[in-house]
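Undergrad: Residues 14 to 505 in my numbering are what the sequence shown lists, from first letter to last. For glycine and all other residues, C-beta sits at the position ideal for the given N, C-alpha and C.
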Amino acid sequence: MLMLMTSPHILNDGNASPAVLTVIAGDGIGPEIMKPTLELMQAAGASLAIEYAEAGTASFEAGVTSGVPEETIESVARTGLVLKGPLMTPIGSGGKSANVTLRKLFETFANIRPVREMPGVPTPFAGRGIDLVIVRENVEDLYAGIEHMQTPDVAQCLKLISRLGSQRVVRTAFELARAEGRKDVAVATKANIMKMTEGMLQREFEAAAKDYPDINARHVLVDNCAHLLVRYPESFDVIVTSNMNGDILSDLTSGLVGGLGFAPSANLGNRVAIFEAVHGSAPDIAGRDIANPTALMMSAIMLLRHVGQFGSAETLEQALLCTLSDGVHTGDVPGESPVSTSAFAAAVGDRIGRRSAVASREHQPIVLPQISRPDARREPGSRVKKGVDVFVETTQEVDQLGAGLEQIATVTPYRLSMISNRGTVVWPNTGGMTECVDHFRCRFVIDDASTWTEESIYGLLKAIGAQHRWMHVEKLEEVDGVASYSRAQGER
Ligand code: NAI
C-alpha cells in the first residue's frame, strides 16, 4: 500500500543543486493539486530530487494509528523538506491528526501564513493592498492537547507556553521580516488576561525586539487585532502570535483575500520544513477536477524560496499572478466561466516566463533562530515557598467546604486562605453571585517557608483526601520576588 520511491526522481537539473524533498500527495483533492504543482515547479526551472511518501487515510486504513508510517518519518528525517497535500483526520476512531503528528514530531515550531491580495480575485477588500504574514507558534499552547476531565462535569485543557517556544517564534517573525524587507512586526496576545502564558510571549517578543532596531515592534491585544484586521488589514505587515490565536487569525486573514484556495503555509523547524496549503482534503469536491490548486502552488513557491531557488520561485509566482490577472480561475472564485483544476494549471504553464503587473517581493533566505533549551533557560535567583493550591471535587456548599478545610488545615503547617470556583473567590464570602460547579481551587498558604516540605504537602493531601476527592496540586512559589501563580478574581 505504501508508495515510497527511495531512489530520488530528478525533476529538473536547472543550475542549482537539486533540493531533496519528500512529497506527500495527501487525501481527497491532494493528488489532483499536487501533480500539476510538481509539473509547474519543473516547468519554472526548479531543481528537485523527490522521494514520494504516504500518510493519512491509506496509512490509517493500513493500521498506522498516527497516520504517518515509519518509512515516511524516515524520509522526512532524511530530506528535512516536505511538500504535502492535505491529510484527512479520521472522525470517531480516536485517530490523531497526521498533520499535527508531522508538525509536532519534527518540532516545526513556526507556522508561516502569508496573506496577499491576488489579482483577479474579487473580495470586499480588493484594492486595499493587503500583504501580510501571520507567524503562528506551531507546537505548544492549548494544542499540546493535554486534557483531563477534572470532574465528570468539568473539563480542563492545559495551556503550555515555554520560553523556548516563545523565543523561537518571535525571532522567526523578526527574521522573516528582515528576509522579506518588511518593517513592522506586531505580537498579538491576550496578555492582559493570561499574564503568565500569553504574557511570556509578549515579554520574549519585547526582549527580542531590541536585537532588531531596524524593525518597528509593537504589541496588540489579539481581540483588537481581529477587529483591526477587518477594518484596516493593510496596516499590518507581520503578526506573530500563539498557536490558537494564530489558528483563528490566519483563517480570518485568508478570508480577506479570497479564502482557503489562496492560503499557503510553511511549518518551519530547525531540521525540517513542511510546506502545505492551509485547506483540508475537501472531500465534497474530491475527484472532480474542480479544486483550486493556487494555495498548494503558493506553498511550493515558498518552498523554492526556502531552499534558495529564488529564480524558479519568482517564475512560477509571476505565471500564477498572470493567470489570475487574466481572469482564469476555478469555481471557488466568484466570476464567470470557471475552469477545471487541470485547465487552470495548463493556463499557468502557458504563462511561464511572463511577468504580471504585480511585482514579486524581494526575498532573502530566512535565518532561523538556533535557540536550544539551555539557551532559553533562565536560572532564578530566589524561590520562596508560599503554599499550595489543591483542586477539590465536591458538591458541598462552599461555607461547609471552607469550614471543613479550615479544620483540616489545623493539623498541618498550612492555613486556608481562599477558595475559588472557576477563578472567582467564593470563600471567604465576597457577596458575589458565582454559581459554583463541583471544581474548587483551595489555596493553602504557609507563614514559615521552612515548614513547606514534600512531607507536609503529603500530610495535607492525605487529610483532605480522607474527606474529599482531590484532582491535582500546584505548588506556590515566589520566584525572584514575583508570585509564580495567578490571583483569583476578587482575591485580596
Ligand atoms: P476543507 O478545507 O477540506 O474544506 C472546507 C471547504 O472549502 C469545502 O467546501 C471545500 O470544498 C472547500 N475547499 C477547500 N480547499 C479547496 C480548494 N483548494 N479549492 C476549492 N475549494 C476548496 O475543510 P474540512 O472539510 O473541514 O476538512 C476536510 C478534511 O481535511 C478533514 O479530515 C480535516 O481534518 C482535513 N484537514 C486537513 C488539513 C491539512 O492537511 N493541513 C487542514 C484542514 C483540514
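Using 10 angstroms around the beta-carbon of Q383, count the other beta-carbons present and answer buried if the total reaches 16, otherwise exposed.
TA: Residue numbering aside, residue 383 sits at position 370 when the sequence shown is read from its first letter. With fewer than 16 Cβ atoms within 10 Å of its Cβ, Q383 is classed as exposed.
Undergrad: How long is the line joining the alpha carbons of Q331 and A59, rounded to whole angstroms?
TA: The count along the sequence shown starts at 1 and reaches residue 331 at position 318. The count along the sequence shown starts at 1 and reaches residue 59 at position 46. Looking at the two C-alpha atoms, the distance is approximately 14 Å.
Undergrad: Quick one: which unbroken beta strand (DSSP E) runs of 3-plus residues sit fully inside the segment 171-217? Chain order, please.
TA: 197-202
Undergrad: How is the beta strand (DSSP E) around P277 delimited, first residue to last?
TA: Here the question's residue 277 lines up with position 264 in the sequence shown. Run containing P277: P277 to L281, per the beta strand (DSSP E) assignment.
Undergrad: Would you kindly work out how many angstroms separate the C-alpha atoms of A389 and P127, rounded to a whole number?
TA: As a working mapping, residue 389 is identified with position 376 in the sequence shown. As a working mapping, residue 127 is identified with position 114 in the sequence shown. Straight-line Cα distance between these residues: approximately 28 Å.
Undergrad: If you draw a straight line from the C-alpha of L61 to the C-alpha of A32, how long is it?
TA: Within the sequence shown, the letter at position 48 stands for residue 61. Within the sequence shown, the letter at position 19 stands for residue 32. Computed Cα separation, rounded: 5 Å.
Undergrad: Buried or exposed: which applies to Q413, given that a residue is buried once 16 or more other Cβ atoms fall within 10 Å of its Cβ?
TA: Your numbering for residue 413 matches position 400 in the sequence shown. Exposed, because fewer than 16 other Cβ atoms sit within 10 Å of the Cβ of Q413.
Undergrad: Go to D402, then tell me how far its beta strand (DSSP E) extends in each direction, as first and last residue.
TA: As a working note, residue 402 is residue 389 in the sequence shown. R396 to E406 is the span of the beta strand (DSSP E), which, as asked, contains D402.
Undergrad: Look up T35 in the DSSP assignment and say whether it is helix, strand or coil.
TA: Translated into the one-based positions of the sequence shown, residue 35 becomes position 22. The answer is strand: DSSP assigns T35 an E or B state.
Undergrad: Could you tell me which residues DSSP puts in a beta bridge with T85?
TA: Within the sequence shown, the letter at position 72 stands for residue 85. Its beta-bridge partners do not exist; DSSP assigns none.
Undergrad: Can you list, in chain order, the residues of its chain with a C-beta nearer than 6 Å to that of V95? Leave out the 5 residues immediately preceding and following it.
TA: The residue you call residue 95 lines up with position 82 of the sequence shown. The beta carbon of V95 sits closer than 6 Å to those of T35, V89 and I287, all from its chain and outside the five residues before and after it, given in chain order.
Undergrad: Quick one: Cα of R284 to Cα of V270, how far?
TA: By 1-based counting over the sequence shown, the position of residue 284 is 271. By 1-based counting over the sequence shown, the position of residue 270 is 257. In a straight line, the C-alpha of R284 is about 31 Å away from that of V270.
Undergrad: Ignore the nearest five residues each way along the sequence and tell me which others in I138's own chain have a CB closer than 8 Å to its CB.
TA: By one-based count along the sequence shown, residue 138 stands at place 125. Position check: residue 138 holds Phe in this sequence, whereas Ile was assumed. Counting only Cβ-Cβ distances below 8 Å, and skipping sequence neighbours, we find E130, P246, L269 and V270.
Undergrad: Does DSSP classify T437 as helix, strand or coil?
TA: Counted from its first residue, the sequence shown places residue 437 at position 424. The answer is strand: DSSP assigns T437 an E or B state.
Undergrad: Note the first and the last residue of the continuous beta strand (DSSP E) segment covering V113.
TA: Taking the sequence shown and counting its residues from 1, one reaches residue 113 at position 100. Here V113 belongs to no beta strand (DSSP E); instead the alpha helix (DSSP H) covers A111 to L118.
Undergrad: What ranges does the alpha helix (DSSP H) occupy inside the segment 215-249, keeping only unbroken runs of at least 4 residues that lie completely in it?
TA: 235-244
Undergrad: Residues around ligand 1, please: the condition is that the C-beta lies closer than 5 Å to some non-hydrogen atom of it.
TA: P99, L100, M101, T102, N112, L273, G274, H292, G293, S294, A295, D297, I298, A304, N305 and D345
Undergrad: Determine the direct distance from the alpha carbon of A422 to that of M431, and round the result to whole angstroms.
TA: Here residue 431 refers to the residue found at position 418 of the sequence shown. Here residue 422 refers to the residue found at position 409 of the sequence shown. The alpha-carbon atoms of M431 and A422 are separated by roughly 12 Å.
Undergrad: With respect to the alpha helix (DSSP H) encompassing P387, which residues constitute its N-terminal and C-terminal limits?
TA: Here residue 387 refers to the residue found at position 374 of the sequence shown. From DSSP, the alpha helix (DSSP H) with P387 extends over R386 to A389.
Undergrad: Rounded to the nearest angstrom, how far is the Cβ of T354 from that of I303, given a contact under 8 Å?
TA: Here the question's residue 354 lines up with position 341 in the sequence shown. Here the question's residue 303 lines up with position 290 in the sequence shown. Contact flag correct, Cβ pair sits at about 6 Å.
Undergrad: Under a Cβ-count criterion, where at least 16 other Cβ atoms within 10 Å of its own Cβ denotes burial, should Q180 be classed as buried or exposed?
TA: The residue labelled residue 180 in the question sits at position 167 within the sequence shown. Buried, because 16 or more other Cβ atoms sit within 10 Å of the Cβ of Q180.
Undergrad: Would you please state the rounded distance, in angstroms, between the beta carbons of V148 and I125? I believe it to be under 8 Å.
TA: In the sequence shown, residue 148 corresponds to position 135, counting from 1. In the sequence shown, residue 125 corresponds to position 112, counting from 1. Right, the Cβ-Cβ distance comes to about 6 Å (below 8 Å), so this counts as a contact.
Undergrad: If I'm right that P82 touches E67 with Cβ under 8 Å, what's the distance once you round it to whole angstroms?
TA: As a first step, residue 82 is located in the sequence shown; it is residue number 69 there, counting from the start. As a first step, residue 67 is located in the sequence shown; it is residue number 54 there, counting from the start. Their Cβ separation, rounded to whole angstroms, is 6 Å, which keeps P82 and E67 in contact under 8 Å.
Undergrad: Per the contact definition of three or more C-beta pairs closer than 8 Å, is the segment 182-193 in contact with the segment 291-305?
TA: no
Undergrad: Name the DSSP bridge partner or partners of K48?
TA: Position 35 of the sequence shown, counted from the first residue, corresponds to residue 48. Its beta-bridge partners do not exist; DSSP assigns none.
Undergrad: Quick one, are the C-beta atoms of L429 and F457 less than 8 Å apart?
TA: Indexing the sequence shown from 1 puts residue 429 at position 416. Indexing the sequence shown from 1 puts residue 457 at position 444. Result yes, Cβ atoms of L429 and F457 sit closer than 8 Å.
Undergrad: What residues in its chain sit with their C-beta under 7 Å from that of E74, if we drop five residues either side in the sequence?
TA: Stepping through the sequence shown from its first residue, residue 74 is reached at position 61. For E74, where only same-chain residues beyond five positions count, there are no Cβ hits under 7 Å.
Undergrad: From C170 to R482, what distance separates their C-alpha atoms?
TA: Position 157 of the sequence shown, counting from 1, holds the residue named residue 170. Position 469 of the sequence shown, counting from 1, holds the residue named residue 482. C-alpha of C170 to C-alpha of R482: approximately 20 Å in a straight line.
Undergrad: Evaluate the contact criterion for the segment 398-408 versus the segment 440-456: three or more CB pairs, one atom per stretch, below 8 Å.
TA: yes
Undergrad: Quick one: is G158 near chain C, going by C-beta distance under 8 Å?
TA: In the structure shown, chain C cannot be found, because there is only a single protein chain.
Undergrad: If you drop the 5 nearest sequence neighbours on each side, which residues of the same chain put their C-beta closer than 7 Å to that of S469?
TA: By one-based count along the sequence shown, residue 469 stands at place 456. Excluding positions up to five away in sequence, the list reads T425 and P426.
Undergrad: In whole angstroms, what is the alpha-carbon distance linking D250 and V200?
TA: The residue labelled residue 250 in the question sits at position 237 within the sequence shown. The residue labelled residue 200 in the question sits at position 187 within the sequence shown. The alpha-carbon atoms of D250 and V200 are separated by roughly 11 Å.
Undergrad: Under 6 Å Cβ to Cβ from L100, same chain only, skipping five residues before and after it: list those, please.
TA: Residue mapping note: residue 100 aligns to position 87 of the sequence shown, counting from 1. Counting only Cβ-Cβ distances below 6 Å, and skipping sequence neighbours, we find G39, D40, A68, G69, A111 and N112.
Undergrad: Taking DSSP's pairing of strands, which residues face R126 in a bridge?
TA: Along the sequence shown, one-based indexing puts residue 126 at 113. Looking at the DSSP assignment, R126 forms a beta bridge with I147.
Undergrad: For D264, name the three-state secondary structure that DSSP assigns.
TA: As a first step, residue 264 must be located in the sequence shown, where it is residue number 251. Note: D264 maps to helix in three-state DSSP.
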